Amino acid sequence: MFVLSILLLIAAVVLFLVGRSRDTAGLKLGAAVSAVAALLAGTFACVHVVSAAEVGVPVTFGKVGTPLTSGVHFKSPFTDVTSFSTRPVDLDLNEDDTVEVRSSQGGVLYADVTIKWAVVPAKAVELYRLAGSEDAVESRLVLPDSREIIRNVFAKHTSEEGYASAREQIGSQIADLVKERLAPRGIDVTSVNLRNVKPSKKLQEQIDKKIQQEQATERATEAARTAKAEAERKRIEAEGIAAANKIIERSLSDKVLYNQCLDAYKEAAKAHPVYAVPCGTDSGGTPVIVDNGKN
């Protein structure tokens, strides 16, 4: 803008001189318009407007000045102002930017992470010196540091912890370390969201194989437990039967057996009125004739 004002001023002088020498009113009018335009261009070159939620870093001949807050500021026409947004920005590490990490066991995992960060206005000068622009802040500071921390944290955990049991703990560790790393540089990290962790194809095959082996082991253990329980049940049952037989053996006598024999054949004699009962009280067992008709 300042260069434009100089060119317009030169054009105004030339037109004025030519118009005066030729006494041409049109050229004189053109000279006046060029002079006004040069004045306006020069004024705009000395004014800079910083938008809301932005901070400007003025640089004059390589010297960095005090940060400019939102509003209208007057500056030297030789001063360039680089603006940084102070609004939170989302850095999405997913799809093509997914972070490939390795567990402590060497398994490959893919982590999707979203990092919300913003420039601290008071640290804008330091960020300008480190990066040079807002885009460079993300590409040179936030992105590489975040990737490094994510990989380092996952490397301390097993594959199972990484994709299942310790995801919340890992996400919290990543957030704390990213904030700690970037805060001194003037980058305020408001949140780190570990949204998804997916094992690689090879690791997934290993996981499936391990699950199948665990299931087979559980089935074998359950079968052994069932067989042991069944053997114990049969042993107890056999012991009970043996104990009962001993009790019966001690309580039975020849007379008791004789009476039980008679009772049994009485029932049989109901179908056959006369029935020979081979019961007796001695070892020979004298037969007894049971006549159900005569009782």
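Going by the numbering used here, the sequence shown opens with residue 14, and the numbers climb by one from there. Even glycine gets a Cβ: it sits at the ideal position worked out from N, Cα and C. Small disclaimer: the values here were computed from a predicted structure and weren't measured.
Point to revise | Collapsed DSSP secondary structure at V132 in the structure displayed | key: strand
Practice item. Give the secondary structure of S296 by DSSP, where H, G and I count as helix, E and B as strand, and everything else as coil. Key: Model confidence at S296 stands at a pLDDT of 49, short of 50, so the residue's coordinates are unreliable; what they give is reported in the following sentence. DSSP places S296 in coil when its eight states are reduced to three.
Review point. In the region 235 to 282, which residue ranges form an unbroken beta strand (DSSP E) of at least 3 residues, counting only runs that do not cross its ends?
Key: none
Exercise for review: For the alpha helix (DSSP H) holding N206, just list the boundary residues, first then last.
Suggested key: No alpha helix (DSSP H) contains N206, which is instead part of the beta strand (DSSP E) from I200 to P212.
Review point. Whose C-alpha, out of T111, F87, Q118 and H170, is nearest the C-alpha of L156?
Key: T111
Practice item. Buried or exposed for A137, please, with buried defined as at least 16 other CB atoms from any protein chain shown within 10 angstroms of its CB. Key: buried
Practice item. Identify which residue in L275, P71, D201 and K211 has its Cα closest to the Cα of E113. Key: K211
Exercise for review: Would you be able to state if there are at least three C-beta pairs under 8 Å between the region 187 to 205 and the region 123 to 138?
Suggested key: yes
Exercise for review: With DSSP as the reference, please indicate the residues paired to P71 in a beta bridge.
Suggested key: V94
Practice item. Look at the alpha carbon of L122 and the alpha carbon of T171, and state the distance between them as a whole number of angstroms. Key: 11 Å
Check your understanding: Which whole-angstrom value describes the C-beta separation of V132 and T99, a residue pair presumed to lie in contact below a C-beta threshold of 8 Å?
Key -> 5 Å
Review point. So G353 is in the beta strand (DSSP E); what residue range does that whole segment cover?
Key: Given that the chain is displayed from residue 14 to residue 308, the structure contains no residue 353 and the question cannot be resolved.
Point to revise | Status (buried if at least 16 other CB within 10 Å, exposed otherwise) for G184 | key: buried
Review point. Does the distance from the C-beta atom of A124 to that of F87 stay below 8 Å?
Key: no
Check your understanding: Thinking just about the alpha-carbon of each residue, which of R164, R208, K214 and S96 is nearest to the one in D148?
Key -> S96
Point to revise | Cutoff 8 Å; reference R208; Cβ partners in own chain excluding five residues on either side | key: N107, D125, V126 and T127
Practice item. Go ahead and label V85 buried or exposed: buried means 16 or more other beta carbons lie within 10 angstroms of its beta carbon, across all protein chains shown. Key: exposed
**Study point:** Under the three-state DSSP convention, the category K169 falls into
**Key:** coil
Practice item. Pull up the DSSP beta-bridge partners for K76, would you. Key: T73
Check your understanding: Between V102 and A66, what straight-line distance do the alpha-carbon atoms span, to the nearest angstrom?
Key -> 12 Å
Review point. DSSP puts E113 in a beta bridge; with which residues?
Key: Y123
Check your understanding: How about V60 and V94: do their beta carbons lie closer than 8 Å?
Key -> no
Check your understanding: So, S83 versus V63, is the Cβ gap smaller than 8 Å?
Key -> yes
Check your understanding: Can you tell me the Cα-Cα spacing of L81 and E174, whole angstroms?
Key -> 47 Å
Check your understanding: If we ignore side chains and look at the alpha-carbon of each, how far apart do D189 and F91 end up?
Key -> 42 Å
Review point. Where do the ends of the alpha helix (DSSP H) carrying V191 lie?
Key: R180 to L195
Check your understanding: Looking only at C-alpha atoms, which of E181, D105 and N165 sits nearest to E151?
Key -> D105
Exercise for review: Whole angstroms is fine: what's the gap from W130's alpha carbon to K223's?
Suggested key: 40 Å
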